[in-house]
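Trainee: Just passing along the structure, written as structure tokens.
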Amino acid sequence: MGTHTKINFTDFPEQGSWLGKKFRICFNYDTTKTLTGICVRDDREAPGRTIFKLDDGRYVLSTECQCQPL
């Protein structure tokens, strides 16, 4: 757990252009096995997180996968 000055009850980091868009996701650069999902967070400013919600309900960070816009 932690705190960040840009995130509180009323404020959140500015979001980028990936927010709400559909992506193809793979892991460990293995493009023979892909999933699809949508970007649910795309911070344009600190803390700089990008998070995808996979169609199977799981969530992954952009640092844990590779992605391609659809």
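Going by the numbering used here, the first residue of the sequence shown is number 2, and it counts up by one from there. Quick reminder that beta carbons are idealized off the backbone N, C-alpha and C, glycines included.
Using CA coordinates, which residue listed in 40, 61, 10 and 9 is at the minimum distance from residue 71?
Mentor: With distances taken between Cα atoms, residue 71 lies closest to 40.
Trainee: Measure the C-alpha to C-alpha separation of residue 33 and residue 7 and round it to an integer number of angstroms.
Mentor: Taking the straight line from one Cα to the other gives about 38 angstroms.
Trainee: Return the chain-ordered ranges of every beta strand (DSSP E) run that is complete within the region 8-40 and spans a minimum of 3 residues.
Mentor: As far as the region 8-40 is concerned, its whole beta strand (DSSP E) runs of at least 3 residues are 23-27.
Trainee: Nearest to residue 45 by alpha carbon, out of 13, 9, 3 and 4?
Mentor: Minimum Cα distance to residue 45 is reached at 13.
Trainee: Could you tell me the distance, in whole angstroms, from the CA atom of residue 51 to the CA atom of residue 25?
Mentor: Looking at the two C-alpha atoms, the distance is approximately 14 angstroms.
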